[in-house]
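Colleague: Per the numbering used here, the very first residue in the sequence shown carries number 1; after that it's consecutive. Got a structure here, written out as C-alpha cells. Questions coming.
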Amino acid sequence: GFSVVKDEGLTYAFINETNIASAYGCVFGTQWDLYEGDSASGDPMQSLKTWEPTFTFDKPGTYTAVLNIGGFTGTEAAKATFKVTAARGAEASGCSQSGSPAGALALLAVGGLLSLRRRD
C-alpha cells in the first residue's frame with residue numbers, strides 16, 4: 001500500500017508502504033501511474049518510476065494513483081483516489097488582526113522594562 005501526503009501548494013508526496021524488510025531483494029521495479037479523476041482508466045497523465053516520488057499537480061481536483069510493484073512472482077498494484085487542494089491559506093485573504101491577551105500583556109511588560117532607566 002501507500003499514502004498520499006500534501007507537501008506544499010499543489011505538491012504531494014507519495015509514501016510507499018511496501019514492507020521492504022520482508023521483500024528485500026525481491027522487488028525489482030516500481031511505477032506510479034497518476035490519473036485525473038476518480039478512476040484508473042485510460043492513459044495515465046503521468047508515470048513515475050521511483051520508490052517515493054513527489055509530484056506537483058497543475059490544478060486542484062480529484063486524482064487517482066496506482067502503485068505497481070514488480071517482483072519475481074509478478075506485479076502487485078495498490079490504488080487510491082484523493083483530492084488535491086489549493087495552497088494552504090488560498091481560500092482566506094488578509095492578515096489576522098486578533099491577538100491573545102497573553103501576547104498583549106507580554107508587549108506591555110517588555111515596554112515597561114524598556115522604559116525603566118538605571119539611576120546611579
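Each residue gets a CB set at the ideal place from its N, CA and C atoms; glycine is no exception. No experiment lies behind these values; they were computed from the predicted model shown.
Going by Cα to Cα distance, which pick from Ala-86, Ser-3 and Ile-20 is closest to Phe-57?
Modeller: Ala-86
Colleague: Would you tell me roughly how many angstroms separate the C-alpha atoms of Gly-9 and Thr-54, rounded to the nearest one?
Modeller: 12 Å
Colleague: Hey, quick one: how far does the beta strand (DSSP E) through Val-71 stretch, first residue to last?
Modeller: The question names Val, but residue 71 in the sequence shown is Gly. Taken as a continuous stretch (DSSP letters only), the beta strand (DSSP E) holding Gly-71 covers 61-71.
Colleague: Looking only at its chain, what residues have a beta carbon closer than 7 Å to the beta carbon of Trp-51, apart from the 5 residues adjacent to it on each side?
Modeller: Asn-16 and Thr-30
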